[in-house]
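As you go down the protein sequences, you meet chains A and B in turn.
Heads up: the first sequence at position 76 corresponds to 76 in the working numbering, and the numbers run straight through without jumps.
Just remember that the working numbering sits 1000 ahead of the position in the second sequence, which is counted from 1.
All C-beta atoms in this analysis are idealised placements derived from N, C-alpha and C, irrespective of residue type, glycine included.
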Amino acid sequence: MQTAVSPAQPTTAGPPPRQEIPFGNARPQWHSIGRLAPLVLVLWVVADIGLRYMPPETFGIHPWQYARIGARGSAPFAANLALRTTTPVAAAATAGNLPLAEAPVDIRFTTNNLGFRATPGMEHRAPGLLVMGGSSFGYGYGLSDEHTLSAVLQRELQTPVFNGSRFFTDPDGLVELDDLLRQMPVKPESVVFLHLEQQNLFLRGDDNPYPEAEQPPRQSLQKLGHETIGPLAYRSLEERYVTFKRSFGTWLRLSPLRIMATRWQKALANDRILPNSQKAGVTALQLTNGRRILFEYYEWRRATSKRPPERMTGTVEYLAWMKDRLNERGLRMYVVTVPDKASVYRNWLVGRADVMQQLHQSNDAEYLTDLHSALSARGVNAIDGLAVLRRTAAADIADGRLTYYLDDAHWNALGVERIGRAAARTIASHERFAAVQHSAQVAR
Amino acid sequence: MLFNSSIFLFVFLPIVYLVFWHLTSKRARYIWLAGTGYVFYGYWNPAFCLLMLFSTLVSYTAGLGFLRASTARQRKVLLIAPIAVDLMLLAYFKYADFAISILNAINDVYGGTDLPMLKILLPVGISFYTFHTITYIVDSYRGVITPTRNFFEFASYVSLFSQLVAGPIVRFRELEEDLENIDGKDRRQYLDAAWSFFVIGLIQKVLIADTIAAVINPALEHARDLSSTSAWLCMLGYTYQLYFDFAGYSNMAVGLGFLFGMNIPQNFDAPYKALNPSDFWRRWHISLSRCLRDYLYIVMGGNRGSELRTYRNVFLTMLIGGLWHGAAWTFVIWGAYHGLLLALYRRFATVWDARPQWLQRACMFLLAIIGWTMFRADTWPDATALLGSMFMPTAGIDVTGTAALLVMITISAAVAHLGPTTFQMTHRWKPQTSFALAALFLLCVMRINGPETSPFLYFQF
């Protein structure tokens, strides 16, 4: 029988006596856990590094991610790469750990000697047109070389088009544009500025008119660097730092073992063995043709939120300012607005009543249409991507094909083709590109 | 930084370990341990390091003061002032918004204006390192320890990464001898034990606790809609999840301590084998219950007064212990619940102890599950809804992944109720066992490199 005692009554008022632990083992054996556990870690690292020497398509690594390793300076990708892979374009399905609705896509991904996405057939030709902005939509996420916007424009306009779009985390303003133009022996004549509905552009003020993507602290640091070690030395140091940080960070993230481990765990979280808690982050709806369509969290949040009025004002001001800056550089500007998937297919979505109410209550369906009008009023040549894609949306759905991937936020080859052709028609009505191809090479 | 993360396993730990054993002088090792502790802590938020540094400086200075103080009054001031500073910091960061919510609730009754919440970010582990410094000050005052003059020795004690953010709450006296002999350690002596503790702890956390969490967390988001069976499965799962998460962390802390020649004390002693509430608190979070006993219960008078006073002391100690866990009514009620259990056990111990041991264990386990229901619930209505579902037949949502949960509960029960604790093992494994542990360790590494890394539950305290 145990005697009742108050909680943990001590026999003395001091701390507990030091415990004697008979665990000491002066000579670990070869089979000891003290040797095996560190060995597991070492073997993991060795295997991980070793597997990276295999082609990235072995592990389904997206080429646009892989190409970030070795990107130098302000270029988005490593130069002179030629990758080919068959990969699903299904970020939403991946995020939600859901089965894919569409087959993987065969993608050729090449980069030119400046580290930008190559436009097939543009080699060694001076560009008449430069595409900038639009991040992943611009550089061609989920698209083979021949299906990017620059490739479509090149085909339609019969003039070389340089794809100057950058990765979504890269700064993408005038500083970067000037840097690119300096590397081109012959400047293009016009710029196609890709503006995504999801992007929030605004001027910071007359004294520091850089867009959201350019970080003011970087400019302060740059000023300090120029004053202390000189512009050339600072630029060289900055380039090395940016290259290292980007490359090493990407290299770390693209671990084959991590990819395989993630896939194994996601296979278990299938709502049969373990719950799939990831599907809560994705909105699954249906189109009127019965096909499932997915929206990632950020997509759905945008689709169901009302934008503040200053958002459009800021974007118009920025684009008008950019047009003037490009004009100063002898470049004409055309803005192509690219809608969100939900904006295009809003009227053909079917889902739970509360979800649909969320969508229709946001009442922001005509944002891009209004933006287009505002830009035109400011003298900016703009191509309304929303109008282009909505025109054929009903017929596309009836035919069972869309202009966006069902399981991803990005446009597909059909979407690029439609908007690219519309843009080409507008540009062609303003431009007369030189019939004789320049013989100067693009690279130094 | 988490122990169950790639950055810790592949970068932080190898570098800290290799450099530590490369250094030979005591001072260099103190500085290295202190510095790496700040790197470890600052990985979450570098600004929090300033808070820890401030707390360290205050306590160190108080210790120096004790060495010079000649009068009782001076010693009293040196006791009260730094503890007040530490507690004020803890109160501000942890309880300010809770206090405001209470005032607003009172305001609502009288029709007053609500005060705005401060939305203060809680620094990780503040409850733990604050206790470390407070125990140092009190032990210095009591004469149990001689305060150290070496700032880096003290700083390395406070910021030692192995127990910094989730315990065990290690008193200076418990590490003093190891710190004094830090330059005379044999690296190989505790290598096997170190990795054995660490690997077992990681298995407990990653393979057992996190797997249970993966099943019950989605279900508990709908706590009020669960069926009776689901409610029981979830709370049984949580009972084991919490134990293996926390005990796993503590085992890893012990293992990491051994890697650097430190003896971190045991923090769990098979609590689900406890025979009664008193026994439970001798086995669960041992370092915290000892601190509550030595620095709160005994100070309040312990059991030296009347029975009624003893009950009061027990109850208040556990109430404060509950509040220490978090600034929410569910924790306060949980603490009060265990205080009541301890008081009742004290009163009716002869009746309880006369029952067969298996019945005592079963009842204590059931009481623990009821307590954990309050502990886990986000709000008191959720807790009552869960308890209602558990004890009254209720139809509702089923748990997805029931089969996996049942497997994990079975394994957990076998280990928790029947298996030895890590401190009862010799950690000298046969080759087959070593390889099995290594294979499970590899599985943990694969899990860690998966889509999500879950933090330790006790980080929120």
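- For Val1109(B), there is no enclosing beta strand (DSSP E); the enclosing alpha helix (DSSP H) has its first and last residue at 1096 to 1110.
- The beta-carbon of Leu294(A) is placed no less than 8 Å from the nearest beta-carbon of chain B.
- The C-alpha of Leu285(A) is placed about 11 Å away from the C-alpha of Ala353(A).
- Within the segment 325 to 391 of chain A, the runs of alpha helix (DSSP H) at least 4 residues long that lie entirely inside it are, in chain order, 341 to 345, 353 to 361, 367 to 377, 385 to 391.
- Taken in chain order, the members of the segment 1266 to 1280 of chain B whose beta-carbon sits within less than 9 Å of a beta-carbon on chain A are Gln1266, Leu1275, Asn1276, Pro1277, Ser1278, Asp1279.
- Of all C-beta pairs linking the segment 1412 to 1424 of chain B to the segment 217 to 231 of chain A, fewer than three are shorter than 8 Å, placing the two stretches out of contact.
- Within the model, the alpha-carbon separation for Ile1369(B) versus Cys1363(B) is close to 10 Å.
- Asn327(A) sits exposed, since fewer than 16 C-beta atoms from the chains shown fall within 10 Å of its C-beta.
- Proximity of chain B to Pro275(A) at the Cβ level (cut-off 7 Å) is accounted for by Ala1214, Val1215, Pro1218, Thr1400, Gly1401, in chain order.
- If you draw a straight line from the Cα of Phe1093(B) to the Cα of Ile1120(B), it comes to about 6 Å.
- Among the residues facing chain B, Ala67(A) is not included, as its CB has no counterpart in that chain under 8 Å away.
- With fewer than three CB-CB distances shorter than 8 Å, the segment 104 to 113 of chain A does not count as touching the segment 290 to 304 of chain A.
- The Cβ neighbour count for His1022(B), taken over all protein chains shown within 10 Å, is under 16; the residue is labelled exposed.
- For chain A, none of the residues of the segment 1146 to 1162 of chain B brings a beta carbon within less than 8 Å of one of its beta carbons.
- One Cα belongs to Gly385(A), the other to Glu317(A), and the distance between them is close to 20 Å.
- Within chain B, the residues Met1446, Gly1450 have their CB atoms less than 8 Å from the CB of Trp264(A), given in chain order.
- Under the DSSP assignment, Gly50(A) falls in the alpha helix (DSSP H) whose first and last residues are 33 to 51.
- For Asp1086(B), the three-state secondary structure derived from DSSP is helix.
- Listed in chain order, the non-local C-beta contacts of Cys1234(B) below 7 Å within the same chain comprise Ile1216, Ala1219, Leu1220, Leu1226, Val1399, local neighbours out to five positions each way being set aside.
- Between the alpha carbons of Leu1366(B) and Met1390(B) lies a gap of roughly 12 Å.
- Contact annotation: in the segment 399 to 421 of chain A, no residue has its CB less than 8 Å from a CB in chain B.
- Leaving aside the five residues that flank Leu1179(B) on each side, the residues in its chain whose CB is nearer than 6 Å to its CB run, in chain order, Glu1153.
- Below the 7 Å Cβ cutoff, chain A contributes His31, Ser32, Ile33, Leu36 as neighbours of Ser1434(B), in chain order.
- Taking every protein chain shown into account, the CB of Leu1033(B) has 16 or more other CB atoms within 10 angstroms, so this residue is buried.
- When the alpha-carbon of Lys1076(B) is set against those of Ile1031(B), Leu1087(B), Ile1137(B), the nearest one is in Ile1137(B).
- Using a Cβ-Cβ cut-off of 8 Å, Leu41(A) counts as an interface residue toward chain B, since at least one Cβ of chain B sits closer than that to its own.
- In this model, Thr392(A) and Thr148(A) are separated by some 20 Å (Cα to Cα).
- Look at Glu417(A) here: in three-state DSSP terms it is helix.
- Here Ala103(A) is exposed. Its C-beta has fewer than 16 other C-beta atoms within 10 Å.
- Interface annotation for the segment 1006 to 1017 of chain B against chain A: Leu1009, Phe1010, criterion Cβ-Cβ distance under 7 Å.
- Between Val282(A) and chain B, the shortest Cβ-Cβ separation is not below 8 Å.
- Taking the CA atoms as reference points, Thr313(A) sits about 10 Å from Asn200(A).
- By the rule that beta-carbons nearer than 8 Å mark a contact, Pro1431(B) touches chain A.
- Annotation for Leu1316(B): the continuous alpha helix (DSSP H) segment containing it runs 1307 to 1325.
- The beta-carbon distance between Pro76(A) and Phe167(A), rounded to whole angstroms, is 4 Å. This is short enough to meet the 8 Å contact definition.
- Judged by beta-carbon spacing, Ala303(A) lies beyond the 8 Å limit of Leu389(A), meaning their Cβ atoms are not closer than that value.
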